[in-house]
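Counting from 17, one number per residue, gives the positions in the sequence shown under our numbering. In this text, a Cβ means the ideal position worked out from N, Cα and C, and glycines have one as well.
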Amino acid sequence: MQPTPTVKVQVLDSHTEGEPTRVVLDGAPDLGEGTAAERLRVFRERFDGFRSAVCNEPRGFDAMVGALLLPPADPAALAQVIFFNNVGYLGMCVHGTVGLGVTLRHLGKIQPDGTQHTIETPVGNVRIEAREDGSIAVENVPSYRTAHRVTVETEHHGRMTGDVAWGGNWFFLVDDHGQDLDARRLRALTDCAADVRRALVRQGITGTDGAEIDHIELFGPPRRADADSRNFVLCPGLEYDRSPCGTGTSAKLACLFADGKLAESAEWRQESIIGSRFTGHVKDLGDGRVLPIVAGHAHVIAESTLLLGADDPFREGIRL
Ligand code: PYC
């Protein structure tokens, strides 16, 4: 019998406004032909150990977001991508798409010339543009609010009111949390947001079709003079987003537009809990949804080959 060989996985790591993205260029399992949603099904059902091998310790860490780069189903698109993290899969990920954009620029596949490139994701096509100022702009999937001023009764933080919105993932957006959004309070902020998430589950508050709301956003006043708002975002694996979270910013833009607090094309500047920033604006789709365009900067920080050794007990990462 042939011994199982070590699998070599070629990756490029970047960070987008502080939040990591690991683009898998080579060595991934064969997911067959198909759309991103079809390939995601194969990935989830047959190769979940590859997800944890790339994102989890000892090769990754809890905040790592993986981006599997694939050939597109439609030749008019530039690429297809599936995002994943320490606990599962993301519909869309804007910081990850900015990271992908910078990775493609690093590889010479796109130029900072303002051309719009289509990228297929499991929740729809998005478009990226590498700008001359070094930023990457992402035209995200249509975003919208599904519930306004919903009150939840948390176990340890009292009653809170927020909105439910889709920005490529499901978000609950809260202003009246009473928390100081200071990066030295990460544990307290994580506890508070996780308490809200559990309350949503207990009260049966979901996105469309019963989808779990697995991202919680707490908003407060900005600290930067060039921002309109600061946030703390809890991701599904209970890690916080170091960036302002682009799908969360998209959900915020949809709520602001629905409330008449943001005009079409007007700029919104969202600061993260570590003081980094995305800018964004919306196009009105005229049907209660908006098309968010969110921009930020990313930096390539490592070119590596991950080794998944046959005799390594943590070949698939540490799965708790
Ligand atoms: O930027 O959309 C985002 C994102 C989702 C989860 C982490 N970052």
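Which class does residue i belong to by DSSP, given the choice of helix, strand or coil?
| i | result |
| --- | --- |
| Ala93 | coil |
| Ala243 | coil |
| Phe59 | helix |
| Glu319 | strand |
| Asp303 | coil |
| Thr113 | helix |
| Glu155 | strand |
| Glu54 | helix |
| Thr177 | strand |
| Phe330 | coil |
| Phe273 | helix |
| Ala79 | coil |
| Arg258 | coil |
| Asp29 | strand |
| Arg335 | coil |
| Arg293 | strand |
| Ala311 | strand |
| Thr22 | coil |
| Arg121 | helix |
| Arg285 | strand |
| Ala199 | helix |
| Arg147 | coil |
| Asp42 | strand |
| Ala215 | helix |
| Ala267 | helix |
| Gly140 | strand |
Kindly list the residues whose CB is nearer than 7 Å to the CB of residue i, restricted to its own chain and excluding five residues on each side of it in sequence; keep chain order.
| i | result |
| --- | --- |
| Ser151 | Ala311, Gly312, His313 |
| Arg285 | Asp242, Ala243, Asp244, Arg293, Thr295 |
| Asp328 | none |
| Glu280 | Val298, Lys299, Asp300 |
| Pro36 | Asp29, Ala79, Met80, Val81 |
| Ala282 | His297 |
| Arg331 | Ala69, Leu324, Gly325 |
| Gln132 | Arg143, Glu145 |
Report yes if the C-beta of residue i is less than 7 Å from at least one heavy atom of the ligand PYC; otherwise report no.
| i | result |
| --- | --- |
| Ser292 | no |
| Leu106 | yes |
| Cys271 | no |
| Met315 | Just to set this straight, residue 315 is His in the shown sequence, not Met. His315 Cβ: outside cutoff for every heavy atom of the ligand PYC. |
| Cys251 | yes |
| Glu35 | yes |
| Asp244 | no |
| Asn185 | yes |
| Thr15 | Missing from the structure shown is residue 15; the chain here goes from 17 to 336 and no further. |
| Asp257 | yes |
| Gly3 | The question about residue 3 has no answer here: the residues shown for the chain are numbered 17 through 336. |
| Val81 | yes |
Leaving out five residues before and five after residue i in sequence, what residues of the same chain have Cβ atoms less than 8 Å from its Cβ?
| i | result |
| --- | --- |
| Ile309 | Ala153, Val154, Glu155, Asn156, Gly296, His297, Val298, Lys299 |
| Tyr105 | Leu56, Phe59, Arg60, Arg67, Ile98, Phe99, Pro138 |
| Thr20 | Ala326 |
| Asp129 | Ala146, Glu148 |
| Ile190 | Here the sequence assigns Val to residue 190, which means Ile is not the residue at that position. Answer for Val190: Met176, Thr177, Gly178, Val212, Ile232, Glu233, Leu234, Phe235, listed in chain order. |
| Gly34 | Arg258, Ser259, Ser288, Ile290, Ser292 |
Just to check, is the beta-carbon of residue i closer than 7 Å to a non-hydrogen atom of the ligand FMN?
| i | result |
| --- | --- |
| Cys109 | Because the ligand FMN does not appear in the structure shown, any question about it cannot be addressed here, the ligands present being the ligand PYC. |
Can you find the residues in the same chain that come closer than 6 Å, C-beta to C-beta, to residue i, ignoring five residues on each side of it along the sequence?
| i | result |
| --- | --- |
| Ala274 | Arg161 |
| Val103 | Pro252, Gly253 |
| Val249 | Glu233, Asp257, Cys261, Gly264 |
| Gly140 | Val157 |
| Ser320 | Val27 |
| His122 | Val316 |
| Asp42 | Gln26 |
Legend entry - Contact the segment 106-122 vs the segment 68-75: 3+ CB pairs below 8 Å: Taking 8 Å as the limit for Cβ pairs, the verdict is that the segment 68-75 does not touch the segment 106-122.
Inset, instruction - Tell me, please, whether the segment 46-62 touches the segment 167-186 by the rule of three or more beta-carbon pairs shorter than 8 Å. - result: No contact exists between the segment 46-62 and the segment 167-186.
Legend entry - Three or more C-beta pairs below 8 Å linking the segment 261-270 and the segment 179-194: The segment 261-270, when compared against the segment 179-194, does touch it at the 8 Å Cβ threshold.
Legend entry - the segment 164-172 in contact with the segment 207-227 per 3-pair CB rule at 8 Å: Yes, they touch.
Legend entry - Cβ pair count under 8 Å reaching 3, the segment 249-262 against the segment 187-207: Counting Cβ pairs under 8 Å, three or more are found: they touch.
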